[in-house]
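To start, the structure itself, in structure tokens.
There are 4 protein chains.
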Amino acid sequence: MQITAEQAERVLKASILKAKELGVSVCIAILDSGGHLKAFHRMDGAWLGVIDVALMKAKTSALFEMETQTVDNYSKAGGDAHGLELTNGHLVTFAGGIPFKNVDGHTIGSIGVSGGTSAQDYAVAQSGQSALKG
Amino acid sequence: MQITAEQAERVLKASILKAKELGVSVCIAILDSGGHLKAFHRMDGAWLGVIDVALMKAKTSALFEMETQTVDNYSKAGGDAHGLELTNGHLVTFAGGIPFKNVDGHTIGSIGVSGGTSAQDYAVAQSGQSALKG
Amino acid sequence: MQITAEQAERVLKASILKAKELGVSVCIAILDSGGHLKAFHRMDGAWLGVIDVALMKAKTSALFEMETQTVDNYSKAGGDAHGLELTNGHLVTFAGGIPFKNVDGHTIGSIGVSGGTSAQDYAVAQSGQSALKG
Amino acid sequence: MQITAEQAERVLKASILKAKELGVSVCIAILDSGGHLKAFHRMDGAWLGVIDVALMKAKTSALFEMETQTVDNYSKAGGDAHGLELTNGHLVTFAGGIPFKNVDGHTIGSIGVSGGTSAQDYAVAQSGQSALKG
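Protein chains in written order, with my numbering: chain P, -10 to 123; chain E, -10 to 123; chain S, -10 to 123; chain L, -10 to 123.
And the structure:
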């Protein structure tokens, strides 16, 4: 089971709405569970540099099936896998990436948001996640 | 001037509609004039391999400000720039990539479509181009 | 649905047996449908250079859901997508890669074999495919 | 002298057995002394992200002929070669990679394991090492 085009559109729409509400310009990347691009949107005014950050957040969450900031527990200095962020062509380990799971708990894709503070990015990603379930 | 988020959404919507009409599952990539990702959509059923082809078609059209199949006139055997397709991290030189120009003739972005025959991909990309102007 | 570890082992065993019967030393790569490595075996005596060829054959078949030599119909000079082999970090378009499909026709993975002639590689890959179904 | 296909299979089998005993789903990569892939196995349920981690652990141990966590003594802040992990297309410096040496002390290959805690990965890699010697 993979995220569908219809689901991805719903997620994008809700995420953009939330970003506008927060007054931030972000990039939003949606991947399938294999880490392959399904949908993407760059809001007007978002830095070019956050295109890659959004993509890498989504990739990190797809490949490790956890939120990006959770990966930091492992990769940080003193963590069990310090330096993990150097693998897989680099990972992003601050908030804004969330894996999407279906009712059976299987990962069907992920979202990565970047452009605001990590708290704002996370809030936008969560809105996308809620839209998927709704 | 760069393609806006609103324009990119309009282009995506028209392209998807055309692809459904043709009965093909495609990936559609929209870039700005700097070759940076603005929007992307992968229809359900599209091969994973065409994600990159759509992105590379759009990149080729953004970087050279011409349709992808036109680049082939230069890069093909006997052409004035044979092997050009090996530059810029590789180009794609068959139909499906179109640059977007504004009324002043300035490039504001590009579209790349892949998943059908090159004629189908081109038709989908042209629908996107028409929606931009409309 | 993805190829399982048990299935991958069965495929590897049958492929190695066939290669020994043919008297060739090959590399055998098995990927899931997302193009991610599931299992790999390099027979003693195989060239180091065919490690990548086997991996790329399997990737080509996973990403385009067709046998590698079929991709050549599109990518060759005069084909509808001439130069396609330059996408996706390069493809391999001679025989030895086969997609694995389940009874519903969905791709669950792929095999890539390299080390002999392309006819030998193809025969080894087919033995793997038969073992999956058996 | 390089690790043989027969040895690699024996190592894989013992490693998988140990991982199952520990109740973890891991990837196991086996390289020769030149850092070239010899054999690989991804257990069902292992994160996609640990494919690369296992490969990089094995690479690190092959290229420096030491266990991955030992490399950290050099690469860590204050170490004699701080930043070493950024070389060779990146290294992994937490436990789970072990070089294989023959009776003469020559490196003949390496193993990299990832998917559990680094202690679990290390235990699995050690089981593989024991099987090689056995």
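Note that CB positions come from ideal geometry on N, CA and C, so glycine has one too.
CA nearest to the CA of residue i, picked from the options
| i | options | result |
| --- | --- | --- |
| T57(L) | A47(L), A66(L), K65(L) | A47(L) |
| A28(E) | H71(E), K9(E), S4(E) | S4(E) |
| S103(S) | S119(S), G86(S), I97(S) | G86(S) |
| G98(E) | E54(E), A70(E), L75(E) | E54(E) |
| L20(P) | V39(P), T49(P), K122(P), R31(P) | T49(P) |
| V39(P) | S107(P), A112(P), K122(P), L121(P) | S107(P) |
| K9(P) | P88(P), Q118(P), A112(P) | A112(P) |
| A84(E) | H71(S), T76(S), G105(S) | H71(S) |
Span of the alpha helix (DSSP H) around residue i
| i | result |
| --- | --- |
| K2(E) | -6 to 11 |
| D21(E) | No alpha helix (DSSP H) holds D21(E); the beta strand (DSSP E) holding it covers 16 to 21. |
| K122(S) | 107 to 122 |
| T57(E) | 57 to 64 |
Chain-order list of residues whose beta-carbon lies under 7 Å from that of residue i (same chain, five-residue window excluded)
| i | result |
| --- | --- |
| D33(S) | S14 |
| V42(S) | V81, S103 |
| Q109(S) | L11, V13 |
| H79(E) | M45 |
| S22(L) | Q(-9), A51, T96, I97, G98 |
| G24(L) | K48, A51, L52 |
| R31(L) | C16, I40 |
| A35(E) | S14, V15, C16, G104 |
Coarse secondary structure for residue i, derived from DSSP in three states
| i | result |
| --- | --- |
| K48(S) | helix |
| G94(S) | coil |
| G38(L) | helix |
| V81(P) | coil |
Close Cβ partners of residue i (< 8 Å) along its chain, the five nearest in sequence each way excluded
| i | result |
| --- | --- |
| G68(P) | D61, N62 |
| L6(E) | S116 |
| Q118(L) | V0, I87, F89, I100 |
| A(-6)(L) | K27, A28 |
| L75(L) | none |
Neighbourhood of residue i by C-beta distance below 6 Å, restricted to the same chain and skipping five residues each side
| i | result |
| --- | --- |
| L73(P) | Y63, S64 |
| A18(E) | F29, A43, L44, A47, G101 |
| L121(L) | Q(-4), V0, F89 |
| Q114(E) | Note that residue 114(E) corresponds to Ala in the displayed sequence, not to Gln. Here the set comprises G85, I87, I100, V102. |
| T59(E) | none |
Segment limits, beta strand (DSSP E) that includes residue i
| i | result |
| --- | --- |
| A28(P) | 26 to 31 |
9 Å Cβ cutoff, residue i in contact with chain C
| i | result |
| --- | --- |
| N77(S) | Chain labels in this structure do not include chain C; the protein chains are P, E, S and L. |
Heavy atom of the ligand GTP within 8 Å of residue i beta-carbon
| i | result |
| --- | --- |
| M32(S) | What this structure holds is no ligand at all, so the ligand GTP is not there to describe. |
Inter-stretch contact (C-beta, 8 Å, three-pair minimum) for the stretch -2 to 13 of chain L and the stretch 91 to 100 of chain E
They do not touch, by the three-pair rule.
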